[in-house]
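Inspection log for the structure reproduced underneath, given as structure tokens.
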Amino acid sequence: MAKVTLLTKTWVRIALAVALLLIGLAPIGAPILSDNSRREASADATSAAPIAQPFTYRWANAAGAAAIERSDDGGQTWHGVAGLPEQVEQIQPVAGAEQLVVARTGRAIWVSRDAAATWAQAAALPSRPLALAVTGRATNLLAVGVESAGLLYSRDLGATWQQSNDPALMAGGGAAVAVTALSVNPADDTILYAATGVWLGTSTAHLTPLGIFVSADGGQHWALMEQLPLGAAPILRLTPVADRPLAVIAGDDVSTHTAALAATPELLAALTSEDAGVRGHTARLLGLIGDPIAAPALLARMTDADALAGNLAAEALGRTGDRSAAPALLELLAADDVDVRARAATALGLLKVEAAVPQLGAMLAADASPARNRAAEALATIGAPDALEALARPLADAELTPARQAAMSGLELAGANANATLVSALAAEEPTLRANAAEMLGWIKAGPATPALAAALNDADPAVRGQAAWALGEIGSPAARQALTAALKAENDPLARTAVSAALERSERAGLGGAAQFAWGEALLGQLAAMPAGRWTFLALSMALAAALLFFGPRPAHKQAGR
Numbered sequence: 010m011a012k013v014t015l016l017t018k019t020w021v022r023i024a025l026a027v028a029l030l031l032i033g034l035a036p037i038g039a040p041i042l043s044d045n046s047r048r049e050a051s052a053d054a055t056s057a058a059p060i061a062q063p064f065t066y067r068w069a070n071a072a073g074a075a076a077i078e079r080s081d082d083g084g085q086t087w088h089g090v091a092g093l094p095e096q097v098e099q100i101q102p103v104a105g106a107e108q109l110v111v112a113r114t115g116r117a118i119w120v121s122r123d124a125a126a127t128w129a130q131a132a133a134l135p136s137r138p139l140a141l142a143v144t145g146r147a148t149n150l151l152a153v154g155v156e157s158a159g160l161l162y163s164r165d166l167g168a169t170w171q172q173s174n175d176p177a178l179m180a181g182g183g184a185a186v187a188v189t190a191l192s193v194n195p196a197d198d199t200i201l202y203a204a205t206g207v208w209l210g211t212s213t214a215h216l217t218p219l220g221i222f223v224s225a226d227g228g229q230h231w232a233l234m235e236q237l238p239l240g241a242a243p244i245l246r247l248t249p250v251a252d253r254p255l256a257v258i259a260g261d262d263v264s265t266h267t268a269a270l271a272a273t274p275e276l277l278a279a280l281t282s283e284d285a286g287v288r289g290h291t292a293r294l295l296g297l298i299g300d301p302i303a304a305p306a307l308l309a310r311m312t313d314a315d316a317l318a319g320n321l322a323a324e325a326l327g328r329t330g331d332r333s334a335a336p337a338l339l340e341l342l343a344a345d346d347v348d349v350r351a352r353a354a355t356a357l358g359l360l361k362v363e364a365a366v367p368q369l370g371a372m373l374a375a376d377a378s379p380a381r382n383r384a385a386e387a388l389a390t391i392g393a394p395d396a397l398e399a400l401a402r403p404l405a406d407a408e409l410t411p412a413r414q415a416a417m418s419g420l421e422l423a424g425a426n427a428n429a430t431l432v433s434a435l436a437a438e439e440p441t442l443r444a445n446a447a448e449m450l451g452w453i454k455a456g457p458a459t460p461a462l463a464a465a466l467n468d469a470d471p472a473v474r475g476q477a478a479w480a481l482g483e484i485g486s487p488a489a490r491q492a493l494t495a496a497l498k499a500e501n502d503p504l505a506r507t508a509v510s511a512a513l514e515r516s517e518r519a520g521l522g523g524a525a526q527f528a529w530g531e532a533l534l535g536q537l538a539a540m541p542a543g544r545w546t547f548l549a550l551s552m553a554l555a556a557a558l559l560f561f562g563p564r565p566a567h568k569q570a571g572r
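Numbered as in our numbering, the sequence shown ends at 572 without a single skipped number.
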């Protein structure tokens with residue numbers, strides 16, 4: 010009877026231990042098992058892995074300190090992280106690397122490299138911080154507006170600071186300039202916005218607003234968007250306007266208004282600055298504005314001695330949409346300077362000037378780089394049938410010539426728009442052109458070209474058949490696999506048969522959902538990595554209690570030998 014009772018207690022302990030483990034796993038397993046995206050990824054090999062939610066933060070100030078919380082699921086749940094010994098004014102994570110977080114308090118900048126688990130104070134500032142802007146991981150810029158020293162930059166998360174010396178932001182002359190608001194364009198973090206003010210007064214200094222500024226090169230240069238009237242309230246907030254990169258909603262304590270940059274005579278005059286950086290920055294701004302009024306001034310900068318300034322002028326000219334510049338640009342295609350020819354090709358492509366196709370085709374065939382590459386891009390951008398035919402012509406080169414390389418890049422840029430041209434090339438007389446056209450259809454994964462590629466599996470030239478097989482393997486659709494399966498039975502050429510077999514195997518692997526399995530695993534790891542620390546702690550406690558139940562309960566007595 011004692012043995013039965015002991016056995017019953019043992020099973021009870023095991024059951025309790027299992028229950029504790031299930032309770033501990035529930036907070037971690039439930040979000041994963043309830044995530045419909047897992048089932049969708051398994052059902053559809055083309056579905057993408059769910060995008061992990063970026064970390065978001067909130068804080069509460071009290072008694073001269075700040076309690077901070079972080080959400081790892083878009084604000085659905087929150088948990089406490091390390092606070093700060095000062096009241097927080099602003100917290101900004103680094104986009105693309107959310108474990109990096111920057112906080113602004115009333116007197117300093119604080120940085121965390123572990124998603125606010127710990128904080129370290131950045132290098133000292135010359136005066137009180139009033140505004141903070143953080144760009145993404147790619148550009149890696151930390152900008153701080155301070156009370157009396159203008160704008161400071163750091164590219165090492167606040168370990169060192171450099172002061173902006175752009176004259177536009179120092180319009181206060183000898184007075185102390187304050188940067189009262191900063192913002193970053195969410196679609197392009199090379200575009201920054203700033204509002205400034207100047208301290209004026211004799212016995213008592215007052216902060217007088219100066220203006221609202223924009224930078225389109227990551228803060229290296231600035232342009233005045235709007236001069237603020239005397240007596241206005243300081244601007245405290247700058248909110249970018251969607252789809253208008255050079256416009257912001259500016260707000261003070263009581264009101265808001267929209268400020269935008271226009272192609273003013275003052276801005277156009279900056280294209281002739283002695284500073285090449287200013288010329289290039291101005292050209293980019295004018296391209297973002299896209300006003301045809303800027304076309305003549307931009308056309309005059311096509312021969313700029315500075316490479317970057319000239320290239321930006323060409324892009325900006327193309328974005329104005331003013332085709333009245335076409336005759337002058339066509340003449341520049343014959344310029345002695347290869348860079349000028351390249352710029353002219355860029356502008357003509359963006360303007361979609363079909364009259365330039367013959368000259369651009371000749372440049373693609375025989376000009377030097379970079380003009381050749383810009384010609385290929387221009388033909389792809391124009392996108393008319395004759396432009397795409399000119400772009401595909403170098404595919405007839407048996408060797409991988411510079412012209413053919415440029416043409417391949419251009420055809421990739423054209424994408425699906427090049428399908429019809431490449432399908433037509435499958436019927437060309439030259440087998441090299443047919444083979445290379447088939448290869449390009451694979452590069453751009455031209456699904457609608459599947460019937461034509463299937464027909465090319467019967468081409469008289471085995472090299473064409475091999476390239477057609479490779480392209481169908483890249484497309485990987487059921488129709489492509491069906492064509493490859495049939496070709497494998499009929500193909501007699503050893504090299505072509507090897508190509509068909511490899512393409513079929515690659516296509517079948519894709520069809521089995523390998524991509525979906527990878528996406529599921531990647532998403533699972535992302536979900537686990539984003540789990541709050543508290544849930545892992547709860548699991549650890551549950552495991553410890555389960556182990557205690559199993560190993561520290563009553564055990565049966567063992568008889569000694571010989572007794």
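From the three backbone atoms N, C-alpha and C, an ideal C-beta is built for every residue, glycine too.
For clarity, every value in this text was computed on a predicted model and none was experimentally measured.
Annotation for R332: L360 and V362 place their beta carbon closer than 7 Å to its own, counting only its chain and skipping 5 residues before and after. When the five nearest sequence neighbours on each side are left out, the beta carbons in the same chain lying within less than 8 Å of the beta carbon of S418 are those of N382, A385 and E386, in order along the chain.
In the structure shown, M234 falls within a strand segment according to DSSP collapsed to helix, strand and coil. Within its own chain, the residues whose Cβ lies closer than 8 Å to the Cβ of A168, once the five positions on either side in sequence are excluded, are A131 and A132, listed in chain order. Membership of I221 in the beta strand (DSSP E) is indicated by the continuous run H215 to S224. Two segments are said to touch when three or more pairs of C-beta atoms, one from each, lie closer than 8 Å; by this definition the region 482 to 489 touches the region 455 to 462. Rounded to the nearest angstrom, the gap between the Cα atoms of A401 and L270 is 41 Å. When P379, T410, L431 and D406 are compared, the shortest CA-CA separation from A396 is found for L431. The Cβ atoms of L216 and L237 lie no closer than 8 Å to each other.
Burial state of L239 is exposed, judged by a 10 Å Cβ sphere holding fewer than 16 other Cβ atoms. For P102, the enclosing beta strand (DSSP E) covers residues V97 to V103. Going by DSSP, S433 is part of the alpha helix (DSSP H) stretching over N428 to A434. A residue is called buried when at least 16 other Cβ atoms come within 10 angstroms of its Cβ; D81 meets this threshold and is buried. Secondary structure note for E78: its beta strand (DSSP E) is the uninterrupted segment A74 to S80. In the DSSP annotation of this structure, the continuous segment of the alpha helix (DSSP H) that includes N320 starts and ends at A316 to T329.
If one requires a minimum length of 4 residues, the alpha helix (DSSP H) runs lying completely within the region 329 to 369 are 335 to 341 and 347 to 360, in chain order. By a beta-carbon distance limit of 8 Å, L141 contacts L191. Their separation comes to about 6 Å. Between the beta-carbon of G289 and that of L321 there is about 5 Å, and that keeps the pair under the 8 Å contact cut. The straight-line gap separating the alpha-carbon atoms of S264 and E398 is approximately 57 Å.
Under the three-state reduction of DSSP output, T148 falls in the coil class, being neither helix nor strand.
According to the DSSP secondary-structure assignment, V110 is paired through a beta bridge with P102 and S121. The three-state reading of DSSP puts N194 in coil, since its state is none of H, G, I, E or B.
Taking the Cα positions, V257 is about 55 Å away from Q491. A direct Cα-to-Cα measurement between D406 and M372 gives close to 16 Å. T189 sits in a strand when the DSSP states are folded into three classes. The closest CA to that of T329, considering only A314, D313 and P305, is found on P305.
Using a Cβ distance threshold of 8 Å, P249 and N194 count as a contacting pair. Between A147 and G105, the CB-CB gap stays under 8 Å. Here Q476 carries a helix assignment [DSSP, helix/strand/coil].
V473 sits away from A499, with the two beta carbons spaced by 8 Å or more. Per DSSP, the beta-bridge partners of G260 are R246 and T265.
Per DSSP, the unbroken alpha helix (DSSP H) holding W452 starts and ends at P440 to W452. Per DSSP, reduced to three states, the secondary structure at P138 is strand. With a cut-off of 8 Å on Cβ pairs, the region 94 to 114 is not in contact with the region 155 to 162, counting fewer than three such pairs. Of the candidates A334, D226 and G299, A334 places its Cα closest to the Cα of L308.
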